[in-house]
Amino acid sequence: MVDRGVDVLLLSVGADLPYFCGYEAMPLERLTMLVVPRDGDATLVVPHLEAPRVAERPDVFEMVTWRDGEDPIALVADRLAGVGTAAVGDQMWAGFAVDLLAACPTLTLTRASDVTAPIRMVKDAAEIAVLRDAAAAVDRILADVQAGGMPLVGRTEADVAAQIARRIIDEGHQRVNFTIVASGPNAASPHHEAGERIIRAGESVLFDIGGTMAGPDGVGYCSDITRCVHIGPPADGFAELYEVLYASHAAGVAAATVGTPCADVDAAARRVIDDAGYGEFFVHRTGHGIGVEAHEHPNMVAGNDLPLVAGHAFSVEPGIYVPGVWGARLEDIVVATDAGPEPLNRIDHGLAVVDA
Ligand code: ZN
Ligand code: ZN
Ligand code: ZN
């Protein structure tokens with residue numbers, strides 16, 4: 002906060018709050034806010050009716066509750082005397098920020114992530130252990146799919162996605178975050194929503210799945226993996242596309258060494274796809290950080306000059322999407338270590354061919 006010229010940190014809805022104090026605000030309209038002054042003690046302002054959810058931590062914060070009919074913004078504003086710059090949670094409701102500015106017109110707002118991301122990005126051994134467990138859990142699910150252990154043909158994407166969601170919980174996650182099941186041409190939409198399309202023989206199916214697993218102090222950490230399977234032998238064009246993707250992914254992972262700028266990880270993966278002539282079909286960054294959120298800093302993206310340090314955890318997930326025809330993506334979570342990049346997802350990276 003001193004480095005960034007921030008006088009107070011205001012954390013509400015979003016992942017910063019549980020990361021720093023163990024309590025996750027309900028994403029509802031009532032105001033919950035942790036007020037962390039640069040000098041002085043932290044206060045958690047919380048709705049009276051939600052106070053029983055809070056595990057009190059007198060060593061970390063004092064708790065102040067408010068009842069319906071009272072003005073919680075005033076409770077926060079009372080604690081901002083002399084404050085010039087407040088860093089507010091990136092996912093705080095805009096309504097809270099607007100009301101705060103009305104109560105404190107001279108306040109300057111900045112993003113809390115300026116302060117919190119550098120801390121959250123670097124995972125310690127306990128955090129990496131949970132990320133590794135979460136990765137192993139989703140590995141088991143997609144290894145089964147790769148081995149043909151989950152029936153696909155004749156079922157809707159949504160039906161398969163629901164089965165995977167149950168498996169994510171059965172394998173030890175506390176929460177399902179996403180279950181992308183994209184068959185045939187639907188895989189050309191990177192964030193396809195599993196729907197009523199019936200999966201058929203002779204086509205590919207892309208699985209991008211993830212959840213949140215409980216970690217130290219009850220704070221959860223995320224999994225995220227993508228694999229593609231083909232039902233029966235793939236057409237030459239798709240097999241060729243997948244070989245390019247495979248090489249791109251390997252190049253991205255290999256580039257993820259300590260000291261390498263994040264942008265160079267993106268460039269390493271992208272170069273392989275560009276050189277093969279598919280560059281226009283790789284329509285997103287190569288990866289994102291992962292931790293208490295499925296997507297957090299640092300991003301493996303052009304322009305991000307941040308050098309990797311040991312403990313950065315992030316995805317490497319190049320994709321090739323040919324609209325209306327087909328698409329594929331290959332994704333692992335990788336941790337940068339002094340001994341080199343450590344992929345947490347270990348299952349086969351090839352295009353698994355399953356029986357019709
Ligand atoms: Zn995504
Ligand atoms: Zn991802
Ligand atoms: Zn993913």
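Going by this note's numbering, the sequence shown wraps up at 357, each residue one higher than the last.
All C-beta atoms in this analysis are idealised placements derived from N, C-alpha and C, irrespective of residue type, glycine included.
If you're wondering where the values come from, they're calculated on a predicted model, not measured in any experiment.
Limits of the beta strand (DSSP E) - the one that residue i falls within
i	result
E1	Because the chain is modelled from 2 through 357, residue 1 falls outside the range shown and cannot be assessed.
R330	W327 to R330
C105	Careful: C105 lies outside any beta strand (DSSP E) and carries neither H nor E.
L207	S205 to A215
A87	T86 to V89
R228	I226 to I232
P48	A43 to P48
D333	D333 to T338
A183	R176 to S184
H289	G288 to G290
F315	A314 to V317
T66	F62 to W67
Presumed contact (8 Å Cβ cut-off) between residue i and residue j, rounded CB distance
i	j	result
D134	M27	Going by Cβ atoms, the distance from D134 to M27 rounds to 27 Å, so no, they are not a contact pair.
R39	V9	7 Å
A144	A329	No, A144 and A329 are not in contact; Cβ-Cβ is about 18 Å, not under 8 Å.
L331	T261	Going by Cβ atoms, the distance from L331 to T261 rounds to 20 Å, so no, they are not a contact pair.
L110	A87	6 Å
S249	A270	5 Å
N390	A295	Nothing about residue 390 can be reported from this structure: the residues present for the chain run from 2 to 357 only.
A56	A78	In fact, because the Cβ distance is near 27 Å, the residues do not count as touching under 8 Å.
T258	G312	With a Cβ gap of about 13 Å, T258 and G312 do not count as contacting.
L76	V46	5 Å
T287	E318	7 Å
A71	G292	Correcting the residue identity first, residue 71 is Glu in this sequence and not Ala. Contact doesn't hold; Cβ gap of about 35 Å is too wide.
Nearest candidate by alpha-carbon position, reference residue i, set the options
i	options	result
V220	V230, Y24 and T338	Y24
S13	D79, G85 and A95	A95
Y322	P217, A340, A357 and G238	G238
Q92	T86, G83 and T117	T117
R347	I199, G6 and R228	R228
G325	L207, G185 and G280	G185
H193	Y222, A202 and A159	A159
A256	P344, L18 and D72	P344
G320	D275, V335 and G70	D275
M301	V355, L207, G150 and G253	G253
A333	H285, V182, A136 and G304	First, the residue type needs correcting, since residue 333 is Asp and not Ala in the sequence shown. Answer by Cα proximity: A136.
G171	I74, R141 and M151	A small fix is needed here, since residue 171 is Asp in this sequence, not Gly. Ranking I74, R141 and M151 by Cα distance to D171 puts R141 first.
Delimiting residues of the alpha helix (DSSP H) encompassing residue i
i	result
S114	S114 to M122
S249	D237 to A256
F21	D17 to C22
R168	E158 to D171
E128	A126 to Q147
V266	C263 to D276
P73	P73 to A78
Environment of residue i [buried if 16+ CB atoms lie within 10 Å]
i	result
G1	With the chain represented from 2 up to 357, any question about residue 1 goes unanswered, as that position is not in the structure.
A113	buried
H289	buried
D209	buried
E297	buried
R167	exposed
A240	exposed
C199	According to the sequence displayed, residue 199 carries Ile and not Cys. The residue in question, I199, is exposed, as its Cβ has fewer than 16 Cβ neighbours within 10 Å.
H174	buried
D267	buried
P217	exposed
L29	exposed
P48	buried
beta-carbon residue i near ligand 4 non-hydrogen atom, thresh 7 Å
i	result
H231	No copy of ligand 4 appears in this structure; the ligands present are ligand 1, ligand 2 and ligand 3.
Using only Cβ atoms and a threshold of 7 Å, which residues come within that distance of a heavy atom of ligand 3? Order them by chain position.
This selection yields D209, G211, D225, I226, T227, S316, E318 and E332.
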